[in-house]
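**Student:**
In the working numbering, the protein residues as written are 1499 to 1840.
1. Would you call the region 1709-1722 and the region 1656-1675 in contact, with 3 or more CB pairs under 8 Å?
2. Rounded to the nearest angstrom, what separates residue 1611 and residue 1595 at their Cα positions?
3. With three or more C-beta pairs closer than 8 Å as the rule, is the region 1641-1658 touching the region 1672-1684?
4. By the DSSP assignment, the beta strand (DSSP E) with residue 1637 in it spans what residues?
5. Determine the closest residue to residue 1745 out of 1734, 1548, 1763, 1769, with distance taken between C-alpha atoms.
6. Does DSSP put residue 1545 in a helix, in a strand, or in coil?
7. Under 8 Å: do the region 1791-1804 and the region 1682-1689 share three or more Cβ pairs, one atom per stretch?
8. Using 10 angstroms around the beta-carbon of residue 1702, count the other beta-carbons present and answer buried if the total reaches 16, otherwise exposed.
9. Classify residue 1747: buried if its beta carbon has 16 or more other beta carbons within 10 angstroms, exposed otherwise.
10. So the beta strand (DSSP E) residue 1833 belongs to, where does it begin and stop?
11. Check each candidate in 1569, 1568, 1585 and name the one with the smallest Cα separation from residue 1576.
12. With DSSP collapsed to three states, give me the class of residue 1679.
13. Check whether the region 1776-1796 touches the region 1728-1738, taking contact to mean three or more Cβ pairs, one atom from each stretch, closer than 8 Å.
14. Between residue 1689 and residue 1699, which are expected to be in contact by the criterion C-beta below 8 Å, what is the C-beta distance as a whole number of angstroms?
15. For residue 1753 and residue 1582, what's the separation of their Cα atoms in angstroms?
16. How far does the beta strand (DSSP E) with residue 1615 in it reach, from first residue to last?
17. Closer than 7 Å by C-beta to residue 1604: which residues in its own chain qualify, once you throw out the five before and the five after it? Chain order, please.
18. Tell me which same chain residues have a C-beta within less than 6 Å of the C-beta of residue 1628, skipping the five on either side of it?
19. Three-state secondary structure (DSSP) at residue 1791?
20. What residue range is occupied by the uninterrupted beta strand (DSSP E) comprising residue 1739?
21. Would you call the region 1651-1663 and the region 1829-1838 touching, i.e. three or more CB-CB distances under 8 Å?
22. Helix, strand or coil, according to DSSP, for residue 1760 in the structure here?
23. When burial is assigned at 16 or more other CB atoms within 10 Å of the CB, is residue 1613 buried or exposed?
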């Protein structure tokens, strides 16, 4: 995924945890927190973590996380379709109603919530927030909480599945009209799009997805190699991008190699130089993620708070495929082994 604005600090991600009435486990503190959340919903029902389907034919996943700062001021951290989630402007939350402006996408959103259902509208606007075009309706729902006591290190895994065993036969294009740059040779799955005359990446390629779409919790290991300034991505369940990019010697941020794209910043840099094979091990378990890059743990037990740009949909609890981003630039993959959680 291309680098865009906004870094969500880990502290802010924790602040924006999901809310729902039901306890996520039988621990006393979980039950107490659930009771607190239920009481909060009664007096401040918009606050919480929401997924939605926007009124577009494709790339329609949205994530809206409403919170309040220490002064009680409403905030909204929103992902619309592509790029990174961002803090919105002109955010207003009054009882069961809300409105906001997404400056990056030049969009206005307004709506109401009823229990765990969100009823909203979206319209285009100019850079100053003046409406352009008609309101379009869309719906969403409140996400259930993840358990704070989950540890990805506790996960047990079954027999390995070699996702490249049958080459391209186990994969399908997600963009039939896009340039198909994928090939498989000597155990390596490659996307080749080439460069424009000015030296920038040509782009315009097809994303690739596994034909299997029943992966839920798992450990996925793979080797990846990218040329200089190249950009790709590995989407877990088709919704959570584990970034693939040449970020060698760049400052650490939430868009670097193997980051949970736009949402969690690695604790340190572990990238290798472009052109070198790099090894990624990512564990997705009960709405938590751990990522090890080149033998170094860069993300440990981070909560899955929402989908990333380009997600197949916004359902953060559903099983799904593994998909590889192929519409930006070149990348090579090998030794792609998935072990389902038991």
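The beta carbon of each residue, even a glycine, is placed where N, CA and C say it ideally should be.
Computed from a prediction, not measured in an experiment: that's the story for all the values here.
**Tutor:** Walking through what the data contain:
1. yes
2. 7 Å
3. no
4. 1629-1640
5. 1769
6. coil
7. no
8. exposed
9. exposed
10. 1829-1838
11. 1585
12. coil
13. yes
14. With a Cβ gap of about 11 Å, residue 1689 and residue 1699 do not count as contacting.
15. 9 Å
16. 1615-1623
17. 1622, 1623, 1624, 1625
18. none
19. strand
20. 1738-1743
21. yes
22. coil
23. exposed
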